[in-house]
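Written below as C-alpha cells is the structure these notes are about.
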Amino acid sequence: MPAKPITSITLVQAQAIVGAALEYARGNAFPPMTIAVLDAAGKLVAFAREDGSSLLREPIARGKAHGALNMGVGSRSLAAMAAARPAFVNSLIALADGNLVPGPGGVLVHDEDDRLVGAVGVSGHLPDDDEVCAIHGITAAGLRADPGA
C-alpha cells in the first residue's frame, strides 16, 4: 500500500485550534497559556502567548509539538518512553537540539483522511491539562487529535 501524502494544516485551521484551546483554558481558569501550531514539516503556522505566560513557555510548547512530529507520536508517548528509557530520550533531546519535550501537551494532528497535517504544543498548566487544551482545539477545528498512548 503506498504511503499517504503529507499535507499541511491551514492557517484557518491553526487559528481555530489556538482560539478554541485558549477559550477552553479560560473557561477552566487555567493560568496563562502558550500554544504553538506547526505544520507537518515542523514550521510554525499559528502561535499565541497569553499575557503573563512565563518566558520558557514558548520553547516548551514548540518543543512538545516538534517532539511529536520528530518521533511520529504524541508527547504522552514520549513521556512514557522517557520514564522507561531515560538515556535514550536524553539522546533524542540532544539530537533534536532541545526541540523535543517528553511531557503531555504535544499532540499530532490528522485530517479527515487520517493524513498527518501538523502538531500542537501547549504549555502553561499541568501537562495533562495542556494536553486537554490541545485536544479541545484540534477537535473544535474539525481535525483528529493523536496525543499518544
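Each residue of the sequence shown is one higher than the last, beginning at 3 in our numbering. Ideal Cβ placement from N, Cα and C applies to all residues, glycine included. From a predicted model like this one, the values you see are computed outputs, not experimental measurements.
Check your understanding: Taking the continuous alpha helix (DSSP H) assigned at Phe90, which residues delimit it?
Key -> Here the question's residue 90 lines up with position 88 in the sequence shown. It spans Pro88 to Leu97 - the alpha helix (DSSP H) in which Phe90 sits, taken as one unbroken run.
Practice item. Take Ala136 as the anchor and find which of Arg78, Met83 and Ala89 has the nearest alpha-carbon. Key: In the sequence shown, counting from the first residue as 1, residue 136 sits at position 134. Among Arg78, Met83 and Ala89, the Cα nearest to that of Ala136 is on Arg78.
Review point. Which two residues bound the contiguous alpha helix (DSSP H) that contains Gly29?
Key: Counting from one through the sequence shown, the residue named residue 29 turns up at place 27. Element bounds for Gly29: Leu13 to Gly29.
Exercise for review: Look up Thr36 in the DSSP assignment and say whether it is helix, strand or coil.
Suggested key: Residue mapping note: residue 36 aligns to position 34 of the sequence shown, counting from 1. Strand at Thr36.
Check your understanding: Can Val103 be considered in contact with the ligand MN, in the sense that its beta carbon sits closer than 7 Å to one or more heavy atoms?
Key -> The ligand MN is absent from the structure shown, which contains no ligands of any kind.
Practice item. Use the C-beta contact count for Gly100: other C-beta atoms within 10 angstroms, 16 or more gives buried, fewer gives exposed. Key: Here the question's residue 100 lines up with position 98 in the sequence shown. So Gly100 ends up on the exposed side.
Exercise for review: Assign Lys66 to buried or exposed, taking buried as 16 or more other Cβ atoms, counted over all protein chains shown, within 10 Å of its Cβ.
Suggested key: For the purposes of this step, residue 66 is identified with residue 64 of the sequence shown, where counting begins at 1. Flag for Lys66 reads buried.
Check your understanding: Under three-state DSSP, which class holds Gly139?
Key -> Here residue 139 refers to the residue found at position 137 when the sequence shown is read from its first residue. DSSP places Gly139 in helix when its eight states are reduced to three.
Check your understanding: In the DSSP assignment, what residue or residues form a beta bridge with Arg146?
Key -> Locating residue 146 in the sequence shown gives position 144, counting from the first residue. Paired residue(s): His112.
Practice item. Give the single residue among His68, Leu145, Ala151 and Pro149 whose Cα lies nearest to the Cα of Ala18. Key: Within the sequence shown, residue 18 is the residue found at index 16, counting from 1. Of His68, Leu145, Ala151 and Pro149, the residue nearest in Cα terms is Leu145.
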